[in-house]
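Q:
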Amino acid sequence: MGKIKLDEIDHQILDMLIDNTRIPFTDIAKKLLISAGTVHVRVKKMEESGIIKGSSLMLDYKKLGYSFIAYVGVYLNNTSQTKFVLERINEIAFVTVAHITTGKFNIFCKIRARSTEHAKEVIFMLDDIEGVYRTETMISLEESINDKKRLMHSIFNDM
Numbered sequence: 017m018g019k020i021k022l023d024e025i026d027h028q029i030l031d032m033l034i035d036n037t038r039i040p041f042t043d044i045a046k047k048l049l050i051s052a053g054t055v056h057v058r059v060k061k062m063e064e065s066g067i068i069k070g071s072s073l074m075l076d077y078k079k080l081g082y083s084f085i086a087y088v089g090v091y092l093n094n095t096s097q098t099k100f101v102l103e104r105i106n107e108i109a110f111v112t113v114a115h116i117t118t119g120k121f122n123i124f125c126k127i128r129a130r131s132t133e134h135a136k137e138v139i140f141m142l143d144d145i146e147g148v149y150r151t152e153t154m155i156s157l158e159e160s161i162n163d164k165k166r167l168m169h170s171i172f173n174d175m
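For the sequence shown, this note's numbering assigns the number 17 to the initial residue and increments by one for each residue that follows.
1) Once you ignore the five residues that flank LEU157 on each side, which residues in its own chain have a CB closer than 8 Å to its CB?
2) Cα separation between ILE44 and ALA52?
3) With distance defined between alpha-carbon atoms, name the residue in THR54, VAL55, LEU167 and GLU146 nearest to THR98.
4) Taking the C-alpha atoms as reference points, what is the distance between LYS61 and PHE140?
5) Contact check, TYR91 vs ARG150 under 8 Å by CB: the rounded distance?
6) Along the chain, where does the beta strand (DSSP E) containing GLU152 start, and where does it finish?
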């Protein structure tokens, strides 16, 4: 599939949707001085082309009591166990992200926990998975950068 062409209006629509996925199309239309129908058609086009994949809800995990974040590198006994191990990792709700990686780790995970004690329990769950040789954990002290817009603007500038 070829690269999809987006114009400045598409960029502005995406910009607003990244800030708030629930913003009404009528509000976007008013800000961009276009019709709500135009916004709808453009968003639909971007959905059909796969540029927009659903929408997401951001939770404040601190307010829910899950402010502890750690990253866990998983070493496997054998890379052929990757699929099996990922299936087991997927059963642990506190693992919110997992990547198959090259380099030091076979799998790299992000976990959210209530406390260091809870994180320890989650890490032990990972360690107990058949095929896991060992894990290495890094504790996040602070999420300093989490900005989807910077990458989007850089991509737009390359188009």
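Cβ atoms here follow ideal geometry from the backbone N, Cα and C, with glycine treated the same way. Just so you know, these numbers come straight off a predicted model, no measurement behind them.
A: This is what the structure holds:
1) Taking LEU157 as the centre and dropping the five residues before and after it, the same chain places no C-beta closer than 8 Å to its C-beta.
2) Inter-residue distance for ILE44 and ALA52 is about 7 Å (C-alpha atoms, whole angstroms).
3) Nearest of THR54, VAL55, LEU167 and GLU146 to THR98, Cα basis: GLU146.
4) The alpha-carbon atoms of LYS61 and PHE140 are separated by roughly 45 Å.
5) Indeed they touch by this definition, with Cβ atoms about 5 Å apart.
6) Per DSSP, GLU152 belongs to the beta strand (DSSP E) from 148-155.
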